[in-house]
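So the sequences go chain by chain: A and B.
Following our numbering, the numbering of the first sequence begins with 6 at its first residue and continues without gaps.
Following our numbering, the numbering of the second sequence begins with 399 at its first residue and continues without gaps.
For glycine and all other residues, C-beta sits at the position ideal for the given N, C-alpha and C.
What follows is one structure encoded as structure tokens, with my remarks underneath.
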Amino acid sequence: MPRTKPKVVRTSLAKAPTGIQGLDEVTCGGLPKGRVTLVCGRAGCGKSLLAMEFLVHGAVRYGEPGVCMDFEETEEKLRANVASLGFDLRELSKRKKLAVDYVSIDRSQIAETGEYNLDGLFIRLAQAVKAIKAKRVVLDSVEALFSGIADSAILRSELRRLFQWLESQKLTAIVTGEAGIETLTRHGLEEYIADCVISLDHRVTEQISTRRLRVVKYRGTSHGTDEYPFLIGEDGISVVPITSLVLTHKALTERISTGIATLDEMMEGKGFFRGSSVLVTGTAGTGKSSLAANFASAACARGELCLYFTFEESPSQILRNMRSVGLGLEKWIKKGLLHFNAMRPTSTGLEGHLAVIHKLISQLRPGVVIIDPITNLVSASGSYDVKSMLVRLVDFLKVEQITSMFTNLTFAGDPQERTAAAVSSLMDTWIVLRDSKPNGRPRRELYVLKSRGMEHSRDARELIVSKRGLELGIVLRDHLQATTVEGTSTAAAAK
Amino acid sequence: MAHPDQKLSADMKKSAAKKQTTKASRNDFYRLRLYIAGQTPNSIAAIANLKKICEEKLQGKYRIEVVDLLEKPQLAKGDQIIAIPTLVRRLPPPVKKIIGNLSKTESVIVGLDLQPAR
């Protein structure tokens with residue numbers, strides 16, 4: 006988690022980093038320092054968590070003590086919530102890094118008998134801020150005041166005064182607000198907050214839920230304007246990668262083996278470029294997973310960490326299948342070099358998958374990542390979504406200089422399979438596998454459709470899968486006619 | 399008018415100790431605490447209004463403490479003070495809270511649940 010480095014954008018506006026993975030990138034460095042930020046969304050969308058993380062990270066990592074005025078949860082509940090993120094609120098309070106003031110508003114107790122203002126609240130806040138020399142403040146959720154204070158004219162002018170006071174004290178603050186039906190917040194808090202508004206959303210499409218975050222406005226700075234998926238995991242919120250605004254990743258010249266000596270031969274005898282992305286497409290049973298497993302095993306043999314995401318088979322199934330083609334992967338698992346992550350495609354939304362992938366990669370820092378297959382993700386979403394997700398993923402992997410391999414199942418009779426077509430432009434190398442039956446004897450064929458930056462072989466060769474492993478046979482002469490249709494066996498089978 | 403708070407809490411303890419013995423007298427004795435923040439017009443009005451109402455309705459059966467939060471900010475948390483002025487009826491139970499400068503006499507009487515003087 007601490008690895009993400011905010012992209013520095015030249016700006017005059019000082020920022021207070023939130024420490025939340027991804028959010029500091031979307032906001033180009035954090036929330037506006039010394040200003041009030043509104044975080045709004047429906048119940049359960051993660052507002053309070055975001056606010057608390059901002060405070061805790063501020064206190065622990067950035068040396069900025071914080072005060073939380075909580076209008077909803079008692080200190081005990083809050084402490085339990087923060088503990089679930091792995092922080093000890095009591096300890097932080099003791100060290101004067103964090104202070105919590107639970108503000109209870111009981112409408113039934115309060116009768117109004119004339120003019121008043123909210124100086125009591127101001128004094129409490131000022132007292133807490135002074136006691137720990139706080140730099141950050143969270144008011145969660147200040148809208149609760151609307152249920153306790155009947156005179157909304159007084160309340161509104163007092164809220165305005167409160168936000169002005171926060172700014173005059175140069176406090177970086179988060180104010181949370183419940184989403185309204187047609188407005189950002191139920192009570193129109195957005196009217197008072199001019200600098201930064203972040204909206205959180207939790208929606209369910211086709212029974213799959215996805216959380217999203219959007220920076221609605223951020224005065225005086227550039228910021229990402231998309232809706233960014235985010236995940237609430239064991240260690241809090243992580244906002245998922247970001248399509249970089251520019252293509253600046255460095256192209257490496259180092260080469261790494263594909264895991265099959267004869268396939269390396271087809272690629273100048275050296276294999277893939279490190280940090281490149283490889284697409285393997287093929288019809289059912291053509292050996293995509295075997296190719297991926299060989300690549301994984303080669304990486305482990307070099308002592309690199311390999312992260313293998315499987316969306317189709319369980320890890321034990323893969324291990325068993327690979328044993329049958331002479332590949333023992335168990336030893337790499339034992340050595341801690343090979344990590345499997347099996348997920349059902351429908352277990353979460355596409356963005357959820359992306360978040361998990363992103364998070365694991367950030368944690369483990371692998372040299373090689375395999376996603377087998379991306380086809381199944383299509384079942385969880387439309388192909389446009391898949392493409393936009395893959396753009397982000399590929400982009401992220403390239404920036405991190407991780408070599409990646411994606412397998413994709415194509416279907417006979419569907420030569421322009423949409424995902425393959427959409428995704429292939431992102432890929433540096435595209436290996437096509439197919440079935441053919443030239444003389445009634447079925448065989449697997451492999452050729453390299455493209456491989457950027459190298460003089461690769463254009464021949465099709467037989468892929469021989471046996472107990473001894475994978476190897477490539479002789480160059481097939483009927484290749485030229487067969488390759489007119491990319492990635493499928495239809496043309497070859499028809500011949 | 400303002401009483402030191404140390405003395406106040408000592409008084410509270412004493413009254414708690416006396417609870418059993420003087421139940422009858424306790425039930426119609428009013429212990430009121432008024433929170434203000436500096437000598438603002440609302441604070442001054444609230445003090446005056448409160449004295450007037452108490453003299454009329456609770457003669458001899460009340461005691462008022464005024465807490466200025468500018469001097470004792472740490473006391474705001476205990477009674478969950480948000481608005482200023484806030485009047486807290488600490489006795490008789492249950493605790494009641496009313497906010498505002500106490501200019502609406504009827505609301506104060508209802509809010510404090512003051513029985514008409516017998």
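Here Lys455/A has Thr434, Trp435 as same chain residues with Cβ atoms under 7 Å from its own Cβ, once five neighbours each way along the sequence are excluded. Contact note: Gln472/B reaches chain A through Gln132, using a C-beta cutoff of 7 Å and chain order. For Phe151/A, the uninterrupted alpha helix (DSSP H) run begins and ends at 149-153, by DSSP.
Within the same chain, Val41, Tyr197 come within 6 Å of Phe168/A by CB-CB distance, once the 5 residues on both sides are set aside. Apart from sequence neighbours up to five positions away, the residues of its chain that approach Cys50/A with a beta-carbon distance below 6 Å are Leu205, His207, ordered along the chain.
Annotation for Ala347/A: the continuous beta strand (DSSP E) segment containing it runs 343-347. Taking the C-beta atoms as reference points, Phe300/A is found nearer than 8 Å to Thr263/A. For Ala446/B, not one C-beta of chain A is nearer than 8 Å to its own C-beta. Put simply, the region 98-113 of chain A touches the region 64-84 of chain A. At least three CB pairs are less than 8 Å apart.
Take the alpha-carbon of Ile507/B and the one of Lys455/B: they are about 9 Å apart. Spanning the alpha carbons of Ser409/A and Cys311/A requires a straight line of approximately 10 Å. Between Ala178/A and Val142/A, the beta carbon gap of about 4 Å places them in contact (Cβ cut-off 8 Å). For the alpha helix (DSSP H) assignment, the uninterrupted runs of no fewer than 4 residues enclosed by the region 249-303 of chain A are, from N- to C-terminal side, 266-271.
DSSP places Ser501/B in the coil class of the three-state scheme, outside both helix and strand. DSSP places Ile480/B outside both helix and strand once states are collapsed to three, so it counts as coil.
The C-beta of Ser282/A has 16 or more other C-beta atoms within 10 Å across all chains shown, which makes the residue buried. Annotated as proximal: Glu317/A and Pro378/A, with beta-carbon spacing under 8 Å. Scanning its chain for C-beta atoms nearer than 6 Å, with the 5 sequence neighbours on each side dropped, one finds around Leu218/A the residues Leu205, Tyr233, Phe235, Val244, in chain order.
CA-CA distance, Glu270/A to Leu36/A, rounds to 52 Å. By the Cβ-count criterion, Lys20/A is buried, with 16 or more other Cβ atoms from all chains shown falling within 10 Å of its own Cβ. Note: His207/A is bridge-paired with Arg216/A in the DSSP secondary-structure output. By DSSP's assignment, Cys311/A forms a beta bridge with Leu343/A, Val373/A.
For Ser98/A, the CB contacts under 8 Å within the same chain, skipping 5 residues up- and downstream, are Ala104, Val105 in chain order. Per DSSP, the beta bridge partners of Asn413/A are Thr286/A. C-alpha of Leu54/A to C-alpha of Thr79/A: approximately 15 Å in a straight line. The DSSP-derived three-state label of Phe168/A is helix. Glu30/A is classed as buried because its beta carbon has at least 16 other beta carbons within 10 Å across all chains shown. Think of a sphere of 7 Å around the beta carbon of Lys475/B: the chain A residues whose beta carbon falls inside it are Asp106, Arg129, in chain order. Residue pairing for Ile434/B: DSSP places it in a beta bridge opposite Asp466/B. Contact of Asn122/A with chain B by beta-carbon distance below 8 Å involves Asn440, Ala481, Ile482. With a threshold of 8 Å between beta carbons, Tyr433/B makes contact with chain A. The shortest C-alpha to C-alpha distance from Ala360/A to any of Lys403/A, Gly241/A, Lys138/A is the one to Gly241/A.
With the criterion set as a beta carbon lying under 7 Å from some beta carbon of chain A, the members of the region 451-470 of chain B are Leu467, in sequence order.
Among the bridge pairs identified by DSSP, Lys455/A is matched with Trp435/A.
Listed along chain A is no residue with a C-beta nearer than 9 Å to that of Gln437/B; the closest approach is about 13 Å. Comparing alpha-carbon positions, the option among Lys364/A, Val221/A, Arg449/A, Thr258/A lying closest to Gly478/A turns out to be Arg449/A.
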